[in-house]
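The UniProt record's numbering applies: residue 1 is where the sequence shown begins, and numbers increase by one.
Virtual Cβ for every residue (Gly too), placed ideally from N, Cα, C.
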Amino acid sequence: MKHGSLTWKKSSHSGEQYNCVEMARLTGTALAVRDSKAPNDPFLVLDRGAWFSLRAALSGGGTA
């Protein structure tokens, strides 16, 4: 899958800087996650459960 074929959305917690997390929906159960500073670098593919676990861990609410 190529970056250009996905619709990327920046986190609502991000400002106008380029140090943001962006995500794109791949299927009903999978997401792509990338660093906005490196939009052409490889991205992570996560299922919904892994995405929610990662978000909780990064916000101090658990472990990934």
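Check: Between the alpha carbons of A32 and F52, how many angstroms are there, rounded?; Outcome: 13 Å
Check: So for L54, helix, strand or coil by DSSP?; Outcome: helix
Check: Looking only at its chain, what residues have a beta carbon closer than 8 Å to the beta carbon of E22, apart from the 5 residues adjacent to it on each side?; Outcome: W8, K9, K10, S11, V33, R34, D35, S36 and P39
Check: Excluding the 5 residues flanking residue 71 on each side, which residues of the same chain have their C-beta closer than 7 Å to its C-beta?; Outcome: Absent from the structure is residue 71, since the part of the chain shown begins at 1 and ends at 64.
Check: Would you mind stating whether L46 and A30 have Cβ atoms separated by less than 9 Å?; Outcome: yes
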